[in-house]
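Peer 1: Using UniProt numbering, the letters of the sequence shown map in sequence onto residues 1 to 340.
Heads up, the beta-carbon is just placed ideally off N, CA and C, and yes, glycines get one too.
None of these values were measured; they are calculated from a predicted model.
Pasting a structure here, questions to come.
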Amino acid sequence: MDLKEIRATAREKLKGFCRVCPVCDGRACAGEVPGMGGVGTGKAFQENLRALSRYKLNLRTIHGVKEPDLSFELFWVRVSMPVFAAPITGTTYNMGGALTEEEYTLAVAEGSLLAGTLAFTGDGADPTMYGSGLKAIKKVEGKGIPIIKPRAQEEIIKRIREAEETGAIAVGVDIDGAGLLTMALKGQPVSPKTLEEVMEIVNSTRLPFILKGIMTPDEAELAVQAGAKAIVVSNHGGRVLDETPGAADVLPEIAARVKGKITILADGGVRSGVDVLKLLALGADGVLIGRPIIVAAFGGGAEGVKIYLEKIKKELREAMLLTGVARVTEVPGTIIRKEQ
């Protein structure tokens, strides 16, 4: 099995929902929510890629880096690289249903583990979707992180308890899901949270808590104040609010405020190991990848996910070697330049 075969199989299984474009940039699927696109004009999805593309790497080859160190530790778990599968649900209404929710989530969890890293699992309009993620995490002996929608307080805390029972290494809420169209259509109420409500959720568990969907420095500081251990700088793949900036454009100002106070993860438009290195240089500690993981799982199951993530790892290593970066935990901002 190779990437070409994986993509060909995925194109058949995702027919009518994803074109498996040469570059997954959100143009062909703009407005297709439910589906794989970005909400409204699709510009928020597309801007994630544009924001990353505005940064270029400075090629450097006179240095002493011979074998870059890609290893990373997230909440006391050592992984092969600071790259994780993003939490995604909705195989039926977003992806066509060729894989069930349980098949998809297990493929991602197992494939990530085979590549030496971890998967985040999601929550969705069908309450059983969250349970599928928990089953997958339990099968991989807790090596995964469930993310819960911003439901009512008691519903979130109930799901946190279920996450604790699986042995998951952490738990979180994708607070940017507060306006998800698919949740509203399925009668699953979600909403924004006050700082006090976030604090109540964080304090309800001893697990490290992650707030996903932070796009401004002030809310990053609120996450620190609430006691969260990590944030994910993310516009939810452009699926919740049209015309938002790309994650790469807001990441530096967020990192300037909270770097060192909280773990900073980022997602949005990552399509290569080079993109991973750019986000690390802009201030992220780690990176999540979404839609390409769907293609890998539909095209090749757990093995497809492993093959895809190993491609990212190889590209990241090469990019570090050719920019003089010795460790993923110490990526200087000087390796990139922004186009004017």
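(1) According to DSSP, is residue 341 helix, strand or coil?
(2) Could you check where the alpha helix (DSSP H) with residue 275 kicks off and where it finishes?
(3) Which whole runs of the beta strand (DSSP E) in the stretch 51-136 are 3 residues long or more, in chain order?
(4) Does the distance from the C-beta atom of residue 106 to that of residue 306 stay below 9 Å?
(5) Considering residue 13, what are the terminal residues of the alpha helix (DSSP H) in which it resides?
(6) Take the Cβ of residue 227 as the centre, count every other Cβ of all protein chains shown within 10 Å, and call the residue buried at 16 or more, exposed below.
(7) Can you look up residue 169 in the DSSP assignment and give me helix, strand or coil?
(8) Using alpha carbons as the reference points, say which of 19, 213, 159, 200 lies closest to residue 127.
(9) Within the chosen definition, does the stretch 51-69 reach the stretch 91-106 through at least 3 CB pairs nearer than 8 Å?
(10) Report back the beta-carbon spacing between residue 207 and residue 163 to the nearest angstrom; my notes put them in contact at under 8 Å.
(11) Is the separation between the beta-carbon of residue 85 and that of residue 108 shorter than 9 Å?
(12) Whole angstroms are fine: how far does the CA of residue 101 sit from the CA of residue 135?
(13) I'd like to check one pair, residue 273 with residue 247: are the Cβ atoms closer than 9 Å?
(14) Does the distance from the C-beta atom of residue 46 to that of residue 60 stay below 9 Å?
(15) Figure out for me which residue from 9, 225, 278 has the closest Cα to the Cα of residue 257.
(16) Report the three-state DSSP secondary structure of residue 284 (helix, strand or coil).
(17) Tell me where the alpha helix (DSSP H) around residue 267 begins and ends.
(18) Quick check on DSSP: helix, strand or coil for residue 193?
(19) What first and last residue would you give for the beta strand (DSSP E) that runs through residue 209?
(20) Starting from residue 327, follow its DSSP beta bridges and name the residues at the other end.
(21) Let me confirm a value: residue 149 is counted as buried when at least 16 other C-beta atoms fall within 10 Å, else exposed. Which label applies?
(22) Return the chain-ordered list of same chain residues with a C-beta closer than 8 Å to the C-beta of residue 336, the five sequence neighbours on each side being excluded.
Peer 2: The structure says:
(1) Within the shown structure, residues of the chain are numbered from 1 to 340, placing residue 341 beyond reach of any answer.
(2) On the sequence shown, position 275 is the one that residue 275 refers to. Per DSSP, residue 275 belongs to the alpha helix (DSSP H) from 273-281.
(3) 55-57, 72-74, 77-79, 83-85, 119-121
(4) Residue mapping note: residue 106 aligns to position 106 of the sequence shown, counting from 1. Residue mapping note: residue 306 aligns to position 306 of the sequence shown, counting from 1. Not a contact, by the Cβ cut-off of 9 Å.
(5) Residue 13 sits at position 13 when you count from the first residue of the sequence shown. Segment 3-13, the alpha helix (DSSP H) holding residue 13.
(6) Against the sequence shown, residue 227 aligns to sequence position 227. When all chains shown are included, residue 227 counts as exposed.
(7) Taking the first residue of the sequence shown as 1, we reach residue 169 at position 169. Of the three classes helix, strand and coil, the one that applies to residue 169 here is coil, per DSSP.
(8) Against the sequence shown, residue 127 aligns to sequence position 127. Answer by Cα proximity: 159.
(9) no
(10) As a first step, residue 207 is located in the sequence shown; it is residue number 207 there, counting from the start. As a first step, residue 163 is located in the sequence shown; it is residue number 163 there, counting from the start. Confirmed, about 7 Å.
(11) Here residue 85 is taken as the residue at index 85 of the sequence shown, counted from 1. Here residue 108 is taken as the residue at index 108 of the sequence shown, counted from 1. Taking 9 Å as the Cβ cut-off, residue 85 and residue 108 qualify as a contacting pair.
(12) The residue labelled residue 135 in the question sits at position 135 within the sequence shown. The residue labelled residue 101 in the question sits at position 101 within the sequence shown. Near 11 Å, if we compare the C-alpha coordinates of residue 101 and residue 135.
(13) Mapped onto the sequence shown, residue 247 falls at position 247. Mapped onto the sequence shown, residue 273 falls at position 273. Result no, Cβ atoms of residue 247 and residue 273 do not sit closer than 9 Å.
(14) For the purposes of this step, residue 46 is taken as the residue at position 46 of the sequence shown. For the purposes of this step, residue 60 is taken as the residue at position 60 of the sequence shown. Not in contact: residue 46 and residue 60 (Cβ atoms no closer than 9 Å).
(15) As a first step, residue 257 must be located in the sequence shown, where it is residue number 257. Cα-wise, what sits closest to residue 257 is 225.
(16) Taking the sequence shown and counting its residues from 1, one reaches residue 284 at position 284. The answer is coil: DSSP assigns residue 284 none of H, G, I, E or B.
(17) Position 267 of the sequence shown holds residue 267. Run containing residue 267: none in the alpha helix (DSSP H); it sits in the beta strand (DSSP E), 263-267.
(18) As a working mapping, residue 193 is identified with position 193 in the sequence shown. Looking at residue 193 - three-state DSSP - the assignment turns out to be coil, as it is neither helix nor strand.
(19) As a working mapping, residue 209 is identified with position 209 in the sequence shown. 209-214 is the extent of the beta strand (DSSP E) around residue 209.
(20) Residue 327 sits at position 327 when you count from the first residue of the sequence shown. According to DSSP, which records beta bridges pairwise, residue 327 is partnered with 69.
(21) Position 149 of the sequence shown, counted from the start, is the residue given in the question as residue 149. Per the 10 Å Cβ criterion, buried.
(22) Counting from 1 along the sequence shown, the entry for residue 336 is found at position 336. Hits under 8 Å: 55, 56, 57, 58, 278, 281, 282.
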